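Chains as they are written, first to last, in this note's numbering: chain A, 6 to 133; chain B, 6 to 133; chain C, 6 to 133; chain D, 6 to 133. Right, one structure below, let's go through it.
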DNA sequence: GTGGTCTAGACCACG
DNA sequence: GTGGTCTAGACCACC
């Protein structure tokens with residue numbers, strides 16, 4: 006009955022967004038793989054103690070983003086994601102990268118500092 | 006009458022947050038500097054076509070974050086920010102860096118790709 | 006429908022600050038405890054006869070100060086506050102203590118008088 | 006031309022209140038004494054670089070509180086303050102003492118901690 | 001002139 | 001139901 010990915014709900018940001026992020030994170034670090042069965046809305050909502058509607062919204066979001074695939078009557082499955090070209094991929098990260106540069110500057114960090122911190126964060130994610 | 010920083014309001018995220026971000030961004034790229042006078046709440050609200058209260062909320066946020074300084078009856082001024090140590094600074098970026106790693110992986114980008122994209126984003130910010 | 010803490014609005018200082026103080030006071034004297042549910046913005050505003058936005062501002066302030074925790078869509082709850090070390094705690098009281106010493110001297114009171122008065126005030130707060 | 010008391014204006018609280026407090030503080034620590042001549046509004050405003058109206062308001066406040074005395078055509082003088090009885094004096098401190106107790110509790114300090122800190126603050130004020 | 005507070009009432013996101 | 005955002009417009013304190 007244990008979840009196939011770590012998920013602990015914290016106050017401060019919408020619960021459904023936290024679920025979406027947890028799934029993407031598990032996918033990125035490899036603990037969840039394309040083809041894996043995804044827990045049912047009912048199970049998941051019970052497991053983490055939130056309203057089923059909330060989980061439903063998260064599943065809808067993930068489906069819309071191409072992370073999950075719903076097989077009617079059988080359940081949800083993690084979908085093999087088709088990567089866009091590098092150029093398009095980078096374009097999607099634009100906002101995030103700019104925010105990172107802005108915040109880093111505000112904190113007095115150089116580009117080299119951020120590169121180093123990025124390497125560390127990347128390692129941490131893949132290692133877990 | 007022109008604003009000392011670029012600011013165009015778009016739907017999708019709270020207006021006051023967009024203002025806060027625009028100010029931080031201008032500060033990071035150098036078009037706004039510590040000591041500069043900040044436009045009055047009334048002027049700014051008129052300039053971008055939103056209610057004065059909305060601008061007021063942004064000013065309150067920026068003041069609380071130590072970006073602006075209010076001289077009662079005279080106006081707001083950009084404050085010299087005291088950088089925390091590098092370790093603390095990097096810690097504040099933790100969430101942003103992890104999100105970046107997760108999203109990049111989802112888009113099929115390698116760590117090297119992201120480093121390169123970060124360099125480009127950094128250049129763009131400083132060049133403008 | 007009664008409030009879980011005493012609160013009577015008086016003119017002379019901002020209403021939202023009075024709310025913030027009343028909450029902190031109730032927390033100090035124990036009539037409000039970590040984990041307790043906090044009244045909804047609408048209820049509280051109706052109860053004390055002020056605009057919901059005013060209460061909202063107080064809630065925002067208390068949240069920013071780490072006194073309340075917001076669970077979106079469910080309500081606000083009193084948060085367990087993490088005490089700083091004694092040294093830092095005393096440092097935060099510096100201004101208040103100096104003001105007390107200045108005012109007491111002006112009123113012709115000795116340090117012993119103030120100590121005694123402080124003891125009485127402390128008792129009163131905890132006894133209520 | 007040096008001021009008979011330390012006074013440095015900081016943003017964050019009304020300037021006239023800062024002036025009032027600085028005078029009371031100087032009086033409490035003895036660097037200003039009953040009978041001393043008080044600087045003229047014009048001089049003081051020039052000295053600290055604020056609007057004369059602001060200084061005027063501070064002087065009015067201090068006069069109303071019985072700290073200064075205006076001798077028409079001659080200037081202002083520090084007044085010998087008549088102390089109220091102890092009971093009345095303590096009553097005036099009530100709000101300050103309660104706030105102190107509330108804040109101290111929130112910071113996890115005991116009554117003994119506050120007594121000790123009060124002693125230290127008192128010493129510091131008198132020693133300077 | 002400046003920012004700060006408050007009211008009145010609408011609309012949206014979240015669970 | 002909850003809190004969060006926004007508009008419209010008033011009044012006050014400060015300088």
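For every residue, glycine included, the Cβ atom is placed at its ideal position computed from N, Cα and C. These numbers were taken from a predicted model, which means no experiment stands behind them.
Straight-line spacing of the CA atoms in residue 24(D) and residue 45(B) works out to 26 Å.
Under the 8 Å criterion on CB atoms, residue 11(D) is classed as non-interfacial with respect to chain C.
Taking the Cα of residue 74(D) as reference, the smallest distance to any Cα among 43(D), 100(D), 33(D) is reached at 43(D). Against chain C, the CB of residue 76(D) has no partner CB under 8 Å away; the residue lies outside that interface. In this structure, residue 94(C) places its C-beta atom within 8 Å of the C-beta atom of residue 113(D). With contacts defined as CB atoms closer than 8 Å, residue 10(A) and residue 36(A) qualify as a contacting pair. Under the DSSP definition of a beta bridge, residue 80(B) partners with 76(B). Residue contact check for residue 43(D) against chain C: no CB pair falls below 8 Å. Taking the Cα positions, residue 61(C) is about 24 Å away from residue 34(C). Annotation for residue 93(A): the continuous alpha helix (DSSP H) segment containing it runs 91-111.
One thing to note: residue 82(D) has its Cβ no nearer than 8 Å to the Cβ of residue 71(D). In the DSSP assignment, residue 42(B) is bridged to 82(B).
A straight line joining the alpha-carbon of residue 107(A) with that of residue 88(C) spans about 32 Å. Residue 55(B) and residue 28(B) do not touch by the CB rule: their CB atoms are close to 15 Å apart, not below 8 Å. For residue 30(C), the number of other beta carbons within 10 angstroms of its own is at least 16, and it is reported as buried.
Here DSSP, grouped into helix, strand and coil, assigns residue 65(D) to helix. For residue 16(D), at least one C-beta of chain B is nearer than 8 Å to its own C-beta. DSSP places residue 130(D) in the uninterrupted alpha helix (DSSP H) bounded by 116-132.
Under the three-state reduction of DSSP output, residue 49(C) falls in the helix class.
Against chain C, the CB of residue 19(A) has a partner CB under 8 Å away; the residue lies at that interface. Here the alpha carbon of residue 105(B) sits roughly 16 Å from the alpha carbon of residue 92(A).
Under the criterion of beta carbons closer than 8 Å, residue 52(D) and residue 126(C) do not qualify as touching, at roughly 38 Å.
Restricting attention to 80(B), 122(B), 98(B), the CA atom closest to the CA of residue 16(D) is found in 80(B). For residue 25(D), the enclosing alpha helix (DSSP H) starts and ends at 20-34. Here DSSP, grouped into helix, strand and coil, assigns residue 60(A) to helix. A Cβ-Cβ distance of about 6 Å is found for the pair residue 120(D) and residue 120(C), placing them in contact under the 8 Å criterion. The Cβ of residue 124(B) sits closer than 8 Å to at least one Cβ of chain A. Taking a beta-carbon distance threshold of 8 Å, residue 113(C) counts as an interface residue toward chain D.
Around the beta carbon of residue 84(B), 16 or more other beta carbons lie within 10 angstroms, which makes this residue buried. The alpha-carbon of residue 64(D) is positioned some 50 Å away from that of residue 131(B). The distance from the Cβ of residue 8(D) to that of residue 111(C) is about 20 Å, inconsistent with a contact at the 8 Å cut-off.
Interface criterion not met: the Cβ of residue 8(B) is under 8 Å from no Cβ in chain A. Within the segment 22-50 of chain A, 29, 30, 32, 33 place their CB atoms closer than 7 Å to a CB of chain B, listed in sequence order. Residue 98(A) is not a Cβ neighbour of residue 117(B), given a cutoff of 8 Å.
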